[in-house]
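Asks: Handing you this structure, nothing more for now.
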Amino acid sequence: MLGLLRIFLIVLLVYYIIKIIARIFFPILFKKVVKNAEERMRNQQSKYTNQQSSNSKVGETVIEKKPTPPKSDNKVGEYIDYEEIE
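Numbering-wise (the working numbering), the sequence shown opens with residue 116 and increments by one.
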C-alpha cells in the first residue's frame, strides 16, 4: 500500500515539474519559431520585390495576362430535343 502511494506521488510530482517547465520554455520556444518564420517570410518578400523591381523600369506599366486555356473541340454528347406527351 505504501509503495502504491509512493509511485502515485512520484508520478504527480513529475507531472507538475513537466507542467512548470512547459510554462517557462514553451513561450520562449514559440517566440523563436515565430521569429524564424517571420525572417523567412521577410527574405522571400525581399527576393520577390527585388526581382520585380529589376525587371521593370521606372514609370513603366506592365500588364500580365493569364494564358487562356485551349478550347477543346470534343463534344461531350448530342443535344436531344424532347417533346412533352400529354
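Just so you know, even glycine gets a beta-carbon here, dropped at the ideal spot from N, CA and C.
1. Secondary structure at Tyr194, three-state DSSP: helix, strand or coil?
2. For Val173 and Asn158, what's the separation of their Cα atoms in angstroms?
3. What does the alpha-carbon distance come out to for the pair Asn151 and Ile125?
4. Do you know offhand how far Val148's Cα is from Thr164's?
5. Report the rounded CA-to-CA distance for Glu153 versus Leu117, giving the unit in angstroms.
Replies: The answer reads as follows:
1. Coil, per DSSP.
2. Rounded to whole angstroms, Val173 to Asn158 spans 23 Å at the Cα level.
3. Between Asn151 and Ile125, the C-alpha separation is close to 38 Å.
4. The C-alpha of Thr164 is placed about 24 Å away from the C-alpha of Val148.
5. Taking the straight line joining both Cα atoms gives about 53 Å.
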